[in-house]
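Chemist: One structure, pasted below without further comment.
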Amino acid sequence: IHRAHFELLKCAQRDVKDSILLVHPTCGPTQPGDIDGLVRIDTYEALRKETEQEYPMFRWAYLPYSMKMAGPREAIQHMIIRKNYGATHFIIGRDMAGTKSTITGDDFYGAYDAQETGKKHSAELGVTVTHYENMVYV
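Residue numbering for the sequence shown is 1 to 138, as defined by full-length UniProt numbering.
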């Protein structure tokens, strides 16, 4: 997790009135070159300990899941998984679960395709999409 991601979590918790925010990162096997799941868990645990006094409304858990890099379809799958954990809202960031062509390097999906797909199926799934444009921390 980097600072902009943490700021995104804070914004989402602030924007959904009286919410408890489930921080629920995937920690299963990843694609080559990604940060190992155990390293991610250690990072989130350090952040949890550092912020638990200021953000007691955050709850932390880990999802043993291997990302499929399936873009919008994977966003829907994540919405269903998180609903099964009790979530009523789900953050979809820029280029969620996106991937590039190994030949041309071009993106398979548009930067906000996952957000649009999530919003399209939100009512059917019973999960509200909380989306943000590309966030930076300065």
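Glycine residues also receive a C-beta, built at the ideal position from the N, C-alpha and C atoms.
1. Going by beta carbon distance, what residues of the same chain come within less than 7 angstroms of T26, once the five residues before and after it are set aside?
2. CB-CB under 6 angstroms to S19, same chain, minus the five flanking residues each way: which ones, in chain order?
3. Using only the alpha-carbon positions, how far apart do V127 and E45 sit?
4. Taking Cβ positions, are I92 and Q115 nearer each other than 7 angstroms?
5. Among the residues of its own chain, which have a CB less than 6 angstroms from the CB of K119, if the five just before and after it don't count?
6. Tell me whether V129 sits in a helix, a strand or coil according to DSSP, three-state version.
7. Starting from R59, follow the beta strand (DSSP E) in both directions and report where the run begins and ends.
Modeler: From the atom records:
1. L63, Y65 and M67
2. Q13
3. Near 27 angstroms, if we compare the C-alpha coordinates of E45 and V127.
4. yes
5. Contacts found: V129.
6. It is a strand residue.
7. F58 to W60
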